[in-house]
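Chemist:
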Amino acid sequence: MGGVVVILQSTPPPEMADAAGIAADRDFLLRNSGDQFKISSIEAATVAIYFSASRCRPCRKFTPKLIETYNELVSQGKSFEVVFVSSDKDVESFNAYFAKMPWLAVPFSDSERIANLKKRFKVNDIPQLVILNAQSGEVYTEYGNGLVRKYGTEAYPFTPEKINELNELEKAAEKATRDNQTIHSLLGTPTRDYLISNKGDKVPISDLEGKYVGLCFVVNIPPVIEFTSLLAQIYKKLKEDGQEFEVVAVSLNDQLEVVVVSLDSDEEEDGDEEEDGDEEEESFNESFANMPWLAIPQGDKMCGRLARYFELSPLRMLVLIGPDGKTLNNGVSEIIEEYGLDAWEGFPFSAEKMEILAEKAKAKAESQTLESLLVTGDLDFILAKDGAKSSYDENFSGMPWLAIPFGDERKQSLRRTFKINQFPSLIAIGPDGKTVTSDARTPMYTHGADAFPFTEEKLQELEKKKGDEEIGEANVFSTTGEMADAAGIAAILAAADRDFLIRNSGDQVKISSIEAGTIAIYFSASWCPPCRQFTPKLIEAYNELVSQGKSFEVVFVSSDKDIESFNAYFAKMPWLAVPFLDSERIANLKKRFKVRGIPHLVILNAKSVEVYTEDGTELVSEYGTAAFPFTPEKINELKELEKAARDNQTIHSLLGTPTRDYLISNKGDKVPISDLEGKYVGLCFVVNGYGPVDQFTSLLAQIYKKLKEVGQEFEVVAVSLDGDEESFNESFADMPWLAIPQGDKMCEKLTRYFELSGLPMLVLIGPDGKTLNNDVAEIIDEHGPDAWEGFPFSAEKLEILAEKAKAKAESQTLESLLVTGDLDFVLGKDGAKVPVSELVGKTVLLYFSAKWCGPCRAFLPKLVNEYNKIKEKHNDFEIIFISSDRDQSSYDEFFSGMPWLALPLEDERKQFLSKTFKIRGIPSLIAIGPDGKTVSRDAKTQLVIHGADAFPFTEEKLQDLQKKIDEMAKGWPEKLKHDLHEHELVLTRCGTYGCDGCDEMGHSWSYRCEECEFELHPKCALGEEKKGDEEIGGANGESAPAGYVCDGDVCSKI
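Going by UniProt numbering, the sequence shown opens with residue 1, and the numbers climb by one from there.
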């Protein structure tokens, strides 16, 4: 065990031979009970080191999967152990998160060993699961989380040999599947032969036979929303034209793990995995509501399988399936993005159709004039300097040219025409109205005013002139013997039959003529969103270094799928590239530098080929040109300077720049940073349109106002993460505080400086300019408007706040929750006002729901049924509907199917209750006991699992039910075969799961297949005639109430 002991213990031992004799500051790990566990006594042959944190949403999503895998392996007697290494911010968060884990952990207090482990395994993102040989310390894989997700226990012991074996088996199975592919095999499962509409209807997959079908991979983020909006227009046009065409949405809301700033999530906050699932469902419903086509149900495992089957790479991906069920085209989305609404004329995108489409596009481009671009109806003008009237005045005021009005509809047309994906972008239109170049920005940077008029001829002339100058300089160096020896870099970049690299002009550059002392090898691809975000930063840094005469060069190594994509992407780059067709050298470079993800920037010494860093993307993003020449010594120097800056931090060093000593108000006023000296300052990281941030800033505004009223010297500064001025202005308009100007590089620097990991985030700076608290957003979220009483959130103040919250919870009554001023009633079925006082002494469920929410509609009949059962035995029970509907008619229609009480739609108490109980997703059920205290914050799960037997939802009741189920399980067969599945099913103790037989939730026990992910309720596995609902916990299979027809997950009113 020497290998893993040396890695995990606190102080490396002087001798590595005898692990049992090691003496160290810490030679143990922890269990969540607090017990210490000697590292030397770990007997597992395979150990997984799990880097994770409770605040990280992808971590919270992955942890249950890892727990499930761990428990299965241990129950099978496999020699496996997991060690948790926390990135939590405080010991309380660590303890709460670790409490759910059945394995070991490095003590939270051992920050030095935690930092060393992160450094050793180059942990830049979480979750990360490093799996190694416990004896030798050999790393099997640094990407264990991907293997656990994909293969589960099958991947054990996670050795390269085992993974290669699984890959080969998967390829063989995939080939067989592809050879026999049908629309049913693509979209259906053994237990589901239907798709759903956004109205909740189930549509048989057989309805799609003989049709063209587009599989549209969707996630609720702006680029995908924009694409589906365009696709909807094409879909409508094809339907009008009589085409046999259907689209099926494949939701990835619970499949992709994207950082919060990219907005691929409805929420980002601490919470349970079940809550995350609710958020994903809500996010799916929100996006699907605007789609006129069908979808695979949200959360269905087929979504993830299809993403892997079609090797999903860009997020906007549309796969076209032919009438025979075979794949016709994997990349229709690119065609649609290229041709816009006109793409419908190329359907079904055959070679002949594409040729016609290309001809039409060519004709359209050739007939392009300035008027065709800028004139639409009455919009035949642009604004001069005195014509600007909108909120972009300040930005426009610094420009000596013309502008299109702020809200002008022509903007969207121009963005689509020129495929604008990033800012700033500069398109050059010639005197004849034709497009001269779609990237005038790069030649402007490189050549300045000499680039005019931006034609290909002019740019070639400038490049030739520059090339002649470079050759002249090279000859001078050659004759004096001062030219750098490029043999080192040539050994890496050259091939047997190629001794050159290429420029985007097509010119060849001899590798031996490269004079740069520092070379960066840039692994990237046009289809990769993070690459497209990073490339402009690298171009900016490159141009700056070259203009300063620094000895620096970049070589692009492409991961694009075709030469057209490579050419289009490389056209924007001012550096060199390995030819796209040299696939062998590209593969060798990726292997040599162990490139497992992109963008990836390896920086090395051109002569000795010494690798300075493989973390070039992070260094360029964080330090820019200041990191040159990117040597370890230079980076250490920068880190020392950074440390000194932190030690000497002031409000000016945080918020100002050499050219800006002010902030702005939402009225456009410039406020000197010096006005904030001596005040508490909150740095609030914001992004427009992101629900959690919008809700948080609304709450913060109340606290800000209260603190101002009581005379606190407090200011807030918004740090915008928006990509454009328009979005920033929209969100900033409602904020009563100051902001760093949109687009200022200081915003990005602050996200790195404070290690932004999630939103919302509020950093508190003290009157002396030093950081007091890296994130008080959680405190404010927890205590709501009362949080102002804990300001400035010192330990003493927080203790007082906690005591007040505790006292408030202990004194909670039904009246304190439901009575506000004159609002002392709830509504009965006939609209009559029922006094809250009549509900005192009863068990009350607060039901947060809405008609637009698919899961809410599906859950309602179940809730009505259990409500009626409980009311038959217990008169001291009631439910109150708290609606999130958007209009009165939806509210009325949904409430009409409920036999209980409700709060009025526009009632102000709704927001208070949502905040009090931290409602993240719907449907949610909160149980309030007869004394007015909160009994359960998740009565929904208890009701689904145990039905009416869960009443009165107390911990004692639930423990009693669990004991009964466990006792019954002793009489169930340990293994069985079932008609729904080909493999043997094993009785397994588990948490919450979805039954593949009836599609409903199960808990505690399941019959699980050890070879795949198939699971059945004991009720479904054993058959209704053997075990009734009551015997197995009364959880599922209830008949619908009168007036409803239920079909699986969806119940519709007759």
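Glycine included, every Cβ here is placed at the ideal spot set by N, Cα and C.
If you follow the beta strand (DSSP E) that residue 518 is in, where does it begin and where does it stop?
Modeler: Residue numbering aside, residue 518 sits at position 518 when the sequence shown is read from its first letter. Counting along the chain, the beta strand (DSSP E) containing residue 518 begins and ends at 518 to 524.
Chemist: Are the beta-carbon atoms of residue 103 and residue 68 separated by less than 8 Å?
Modeler: Within the sequence shown, the letter at position 103 stands for residue 103. Within the sequence shown, the letter at position 68 stands for residue 68. No, they are not a contact pair.
Chemist: Under three-state DSSP, which class holds residue 717?
Modeler: For the purposes of this step, residue 717 is taken as residue 717 along the sequence shown, with counting starting at 1. Strand.
Chemist: Tell me whether residue 291 is buried or exposed, calling it buried when 16 or more other Cβ atoms sit within 10 Å of its Cβ.
Modeler: As a working mapping, residue 291 is identified with position 291 in the sequence shown. So residue 291 counts as buried.
Chemist: According to DSSP, simplified to helix, strand and coil, what is residue 43?
Modeler: In the sequence shown, the residue the question calls residue 43 occupies position 43. In this structure, residue 43 counts as coil in the three-state DSSP scheme.
Chemist: If you pair each beta-carbon of the segment 455 to 463 with each one of the segment 576 to 589, do three or more pairs fall below 8 Å?
Modeler: In short, these stretches do not touch, since the Cβ pair count stays below three.
Chemist: Can you check which of these residues, 448, 454 and 900, is closest to residue 427 by C-alpha distance?
Modeler: Position 427 of the sequence shown holds residue 427. Per the Cα distances, 454.
Chemist: Got a sec? Which residues, its chain only, sit under 7 Å from residue 434 by beta carbon, not counting five neighbours each side?
Modeler: Translated into positions along the sequence shown, residue 434 becomes position 434. Close CB contacts of residue 434 within its chain, under the 7 Å cut and outside five residues either way in sequence, are with 368 (chain order).
Chemist: If you draw a straight line from the alpha carbon of residue 654 to that of residue 839, how long is it in whole angstroms?
Modeler: The count along the sequence shown starts at 1 and reaches residue 654 at position 654. The count along the sequence shown starts at 1 and reaches residue 839 at position 839. Using only the alpha carbons, I get a separation of about 54 Å.
Chemist: For residue 573, does the count of other Cβ atoms within 10 angstroms reach 16, so buried, or fall short, so exposed?
Modeler: Locating residue 573 in the sequence shown gives position 573, counting from the first residue. Answer is buried; the Cβ neighbour count reaches 16.
Chemist: Can you tell me where the beta strand (DSSP E) holding residue 848 begins and where it ends?
Modeler: Translated into the one-based positions of the sequence shown, residue 848 becomes position 848. Residue 848 -> beta strand (DSSP E) spans 843 to 849.
Chemist: Which residues does DSSP pair with residue 235 in a beta bridge?
Modeler: Position 235 of the sequence shown, counted from the start, is the residue given in the question as residue 235. Per DSSP, none; premise fails for residue 235.
Chemist: Would you say residue 679 lies against chain C (beta-carbon separation less than 8 Å)?
Modeler: The chain inventory of the structure shown lacks chain C, comprising one protein chain alone.
Chemist: According to DSSP, is residue 396 helix, strand or coil?
Modeler: As a position in the sequence shown, residue 396 is number 396, starting the count at 1. Helix at residue 396.
Chemist: Taking contact to mean at least 3 C-beta pairs separated by less than 8 Å, is the segment 624 to 637 in contact with the segment 762 to 769?
Modeler: no
Chemist: Output the distance between the C-alpha atoms of residue 695 and residue 381, rounded to the nearest integer angstrom.
Modeler: Here residue 695 refers to the residue found at position 695 of the sequence shown. Here residue 381 refers to the residue found at position 381 of the sequence shown. Cα to Cα, residue 695 sits roughly 39 Å from residue 381.
Chemist: With residue 1004 and residue 1015 assumed to form a contact (beta carbons below 8 Å), what rounded beta-carbon distance in angstroms separates them?
Modeler: Stepping through the sequence shown from its first residue, residue 1004 is reached at position 1004. Stepping through the sequence shown from its first residue, residue 1015 is reached at position 1015. At roughly 12 Å, the Cβ-Cβ gap does not stay under 8 Å, so residue 1004 and residue 1015 are not in contact.
Chemist: Considering just the uninterrupted stretch of the alpha helix (DSSP H) at residue 684, what are its terminal residues?
Modeler: Along the sequence shown, read from residue 1 onward, the residue named residue 684 stands at position 684. Taken as a continuous stretch (DSSP letters only), residue 684 belongs to no alpha helix (DSSP H), being part of the beta strand (DSSP E) at 680 to 686.
Chemist: Quick check: residue 59 and residue 127, are their CB atoms within less than 8 Å of each other?
Modeler: By 1-based counting over the sequence shown, the position of residue 59 is 59. By 1-based counting over the sequence shown, the position of residue 127 is 127. Against a cut-off of 8 Å, the Cβ pair of residue 127 and residue 59 comes out as a contact.
Chemist: Going by C-alpha distance, which of 321, 610, 737 and 789 is nearest residue 349?
Modeler: Working through the sequence shown from its first residue, we reach residue 349 at position 349. Answer by Cα proximity: 321.
Chemist: Quick check for students: name the residue ranges of the alpha helix (DSSP H) that lie wholly in the segment 508 to 580, counting only runs of 4 or more.
Modeler: Qualifying alpha helix (DSSP H) stretches, in chain order: 529 to 547 and 563 to 570.
Chemist: Are three or more beta carbon pairs between the segment 698 to 713 and the segment 782 to 801 nearer than 8 Å?
Modeler: yes
Chemist: In whole angstroms, what separates the C-alpha of residue 939 from that of residue 820?
Modeler: The count along the sequence shown starts at 1 and reaches residue 939 at position 939. The count along the sequence shown starts at 1 and reaches residue 820 at position 820. Spanning the two alpha carbons is a distance of roughly 25 Å.
Chemist: Here's the rule: buried if 16 or more other CB atoms are within 10 angstroms of the residue's CB, otherwise exposed. What is residue 196?
Modeler: Here the question's residue 196 lines up with position 196 in the sequence shown. Under this definition residue 196 is a buried residue.
Chemist: For residue 204, which of helix, strand or coil comes out of DSSP?
Modeler: Within the sequence shown, numbered from 1, the residue matching residue 204 stands at position 204. It is a strand residue.
Chemist: By the three-class DSSP mapping on this structure, what secondary structure does residue 602 have?
Modeler: Here residue 602 refers to the residue found at position 602 of the sequence shown. Three-state result, residue 602: strand.
Chemist: Provide the residue span of the beta strand (DSSP E) that contains residue 928, from first to last.
Modeler: For the purposes of this step, residue 928 is taken as the residue at position 928 of the sequence shown. 924 to 928 is the span of the beta strand (DSSP E), which, as asked, contains residue 928.
Chemist: Suppose you measure from the CA of residue 355 to the CA of residue 327; what does that come to, to the nearest Å?
Modeler: Within the sequence shown, the letter at position 355 stands for residue 355. Within the sequence shown, the letter at position 327 stands for residue 327. One C-alpha to the other measures close to 20 Å.
Chemist: On the three-pair Cβ rule with 8 Å, is the segment 46 to 60 touching the segment 86 to 100?
Modeler: yes
Chemist: Assign residue 1011 to buried or exposed, taking buried as 16 or more other Cβ atoms, counted over all protein chains shown, within 10 Å of its Cβ.
Modeler: Within the sequence shown, the letter at position 1011 stands for residue 1011. When all chains shown are included, residue 1011 counts as exposed.
Chemist: Would you check if there are 3 or more beta carbon pairs closer than 8 Å linking the segment 675 to 691 to the segment 711 to 729?
Modeler: yes
Chemist: Taking the C-alpha atoms as reference points, what is the distance between residue 148 and residue 613?
Modeler: By one-based count along the sequence shown, residue 148 stands at place 148. By one-based count along the sequence shown, residue 613 stands at place 613. Each residue's CA atom was taken as its position, placing residue 148 and residue 613 some 29 Å apart.
Chemist: Find the nearest neighbour of residue 831 within the set 606, 685, 514 and 896, judged by alpha-carbon distance.
Modeler: Position 831 of the sequence shown holds residue 831. The residue among 606, 685, 514 and 896 with its C-alpha nearest the C-alpha of residue 831 is 896.
Chemist: Output the distance between the C-alpha atoms of residue 325 and residue 834, rounded to the nearest integer angstrom.
Modeler: Looking up residue 325 in the sequence shown gives position 325. Looking up residue 834 in the sequence shown gives position 834. If I take the Cα positions, the gap works out to 58 Å.
Chemist: Considering only residues of the same chain and omitting the five flanking positions on each side of residue 117, which have a CB-CB separation below 6 Å?
Modeler: As a working mapping, residue 117 is identified with position 117 in the sequence shown. Closer than 6 Å at Cβ, skipping near neighbours: 85.
Chemist: If you draw a straight line from the C-alpha of residue 807 to the C-alpha of residue 916, how long is it?
Modeler: Here residue 807 corresponds to residue number 807 of the sequence shown, with the count starting at 1. Here residue 916 corresponds to residue number 916 of the sequence shown, with the count starting at 1. Looking at the two C-alpha atoms, the distance is approximately 14 Å.
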